[in-house]
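Shown next as structure tokens:
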């Protein structure tokens, strides 16, 4: 009898262990559907932490499970400041008692944090703990108190940035019936796929949470529940017709555009759906999330403009305590009718053909192509006919020097042969224009207050059935093209480039007002040279750019500023030359009108025999013109002062008006030209 009992116990142990492993994998797969601590889930920053206030009363274990799935734990006070903050939440926000992340370890007889930390900060209320239960709540306005764990209270989560499966306060169930190796018998007739596909395309239904048990999920994940003979490498259609996949695109993020490499980083979410009648009835009812590698999916490839494709991952702590990276880029849901929804989120590095003639008043357009092969055709419905628009964007999540002003989506028939023009033609096109000035500051706010910025659609115009259906051939494929229209934020460059250079030019106009004295002349030259060097060493002239052989708008502006400063410096040189040359002529004329008085020097005695050989000395006379009222010798004629000094002063007066006037004309022509081109484009 004893050997039989021992064998029975061993068999139960193995079955329970297998079931626990399957449940752990199921919880891991389900929790991987969310991202930790999203502000859209209600997380709020307070101090150096993020907190989630949940008003829905739950038991202590269920509250901890909710926090784990959102990327945190029940809030655990570490000091008196955090305790006061949590107490303010309980008193002012909830106006009731709240759960906190402390629970008693009944084996050791001590209280622990939910993350298994020891020595938590305790602020017990009067007469507590009184062994009412192992879980701890925060009494409104009093302190901590113990109570039984099944009691239900609102709670506060604190972010840890990790999706976890279990903690000290929550242990997932470990005993479930072992999964069967064959699918459970179908007790209900599968839903016709058309009754799900059409409402989904119109946006009337969404993917729902799974309602089946863990056993069914584990059987589907392992592939045991798939129909016999199912091959994921075979197409769901074998009649030679198009495999229509409903498609929508969501532009989730637009990053900085590099003018040097013409690369744009963007995050795009593709949602495609199709019918696979082979899988009808595999799911007992409703929806079921499955690994994308388990079922057939369309053969897709990005175009040549996409230089790099990255995935979105997040860290997760497994049951063994090892941190692993979970791929969130690919998700798949299967409906009872055989309708499949496939979501693909990728971080793309896109090559944009930038045109910098109007930089920094330029608009750029970046296309992203996705090709589908083996008879797959992208089908789209216009936004005017469906609540699920074919293209939408998170206009507030554009962290770039550009703002998103429009997006277009186009699907075309294409061919591997360039000369086959009968196949290359568009069959759907929708272009949307955005008015998103109010979304520029939306990243500083909660997304719920941003209106339609998080999922912006804009004003759209569409065109369908542009060319006839050529039918699938071995040489044809379809292409889904996104075109983002980006407009550069001019105010960024206005305060960085245009205003500083304008101030330098205006400052150089003070030179003609400074005169021609030696200190003033030194100041004029220093002012002009400093302004010239400042413009030459401007930051925008050194900004990394790809090699171009044409002048940009910023180059034209800098050339105009340099010309204005150079004219002022040239005028200083010419005026000072005229002024000092005139002074030199005036001094020379004064010397001619009033010669110097020559007074003979005393001579030394000379020998007498030399007197006969020396020439006679020339008599020297000195004239003094004294003012008198009587008639006397006439005074020499008075010459007028020379005109050149007046010319230098006139040149300065003309420069004070002419140089600013010419620069003003240049500014008017420059801004009108580029702004008119900007408006027309």
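In mature numbering (1 follows the signal peptide of the UniProt record, and there is no 0), the protein residues as written are -20 to -1, 1 to 661. Positions of the beta carbon are idealized from the N, C-alpha and C atoms, including for glycine. Note that the structure is predicted; figures quoted are calculated from it, not measured.
Judged by DSSP secondary structure, residue 502 falls within the alpha helix (DSSP H) whose first and last residues are 498 to 516. Residue range 223 to 238 is occupied by the beta strand (DSSP E) that includes residue 226.
The secondary-structure analysis by DSSP pairs residue 311 across a beta bridge with 323.
Residue 201 counts as buried, since at least 16 other C-beta atoms from the protein chains shown sit within 10 angstroms of its C-beta. In the DSSP assignment, the residues bridged to residue 243 are 238, 331. Going by beta carbons, residue 338 and residue 526 fall outside the 8 Å limit. Close CB contacts of residue 59 within its chain, under the 7 Å cut and outside five residues either way in sequence, are with 101 (chain order). In this structure residue 173 touches residue 260 by the C-beta definition: roughly 7 Å separates them, less than 8 Å. The Cβ atoms of residue 344 and residue 332 sit closer than 8 Å to each other. Under the three-state reduction of DSSP output, residue 647 falls in the helix class. The three-state secondary structure of residue 23, taken from DSSP, is coil. Per DSSP, the unbroken alpha helix (DSSP H) holding residue 179 starts and ends at 174 to 181. Less than 8 Å divides the Cβ of residue 416 from the Cβ of residue 436. Looking at the backbone, the Cα of residue 65 and that of residue 55 are separated by about 11 Å. The Cβ atoms of residue 433 and residue 376 sit closer than 8 Å to each other. The Cβ-Cβ distance between residue 325 and residue 228 does not fall below 8 Å. Nearest to residue 630 by alpha-carbon distance, out of 183, 493, 224, 213, is 493. Setting aside the 5 residues that flank it on each side, residue 464 is surrounded in the same chain by 346, 387, each with a C-beta closer than 6 Å to its C-beta; the list follows chain order. Within the model, the alpha-carbon separation for residue 218 versus residue 257 is close to 12 Å.
C-alpha of residue 76 to C-alpha of residue 413: approximately 49 Å in a straight line. Looking at 109, 510, 262, 281, the one whose alpha-carbon comes closest to that of residue 317 is 262. Residue pairing from DSSP places residue 347 in a beta bridge opposite 463. Residue 81 places its beta carbon less than 8 Å from that of residue 53. Secondary structure of residue 151 (DSSP, three-state): coil. With 16 or more other CB atoms across the displayed protein chains lying within 10 angstroms of its CB, residue 328 is buried. Taking a contact as a CB-CB distance under 8 Å, the pair residue 126 and residue 109 counts as one, their CB atoms being some 4 Å apart. Residue 119 sits in coil when the DSSP states are folded into three classes, being neither helix nor strand. Within 10 angstroms of the beta-carbon of residue 455 lie fewer than 16 other beta-carbons, which makes it exposed. Between residue 444 and residue 410, the alpha-carbon positions lie close to 8 Å from each other. The alpha-carbon of residue 350 is positioned some 58 Å away from that of residue 507. Just measuring C-alpha positions, the residue of 265, 473, 295, 383 sitting nearest residue 304 is 295.
Shown here, residue 254 sits in a strand according to DSSP, grouped into three states.
Between the alpha carbons of residue 408 and residue 215 lies a gap of roughly 24 Å. In this structure, residue 515 lies away from residue 536, with their beta-carbon atoms at least 8 Å apart. Assigned with DSSP and collapsed to three states, residue 277 falls in coil, not helix or strand. Between residue 222 and residue 438, the CB-CB gap reaches or exceeds 8 Å.
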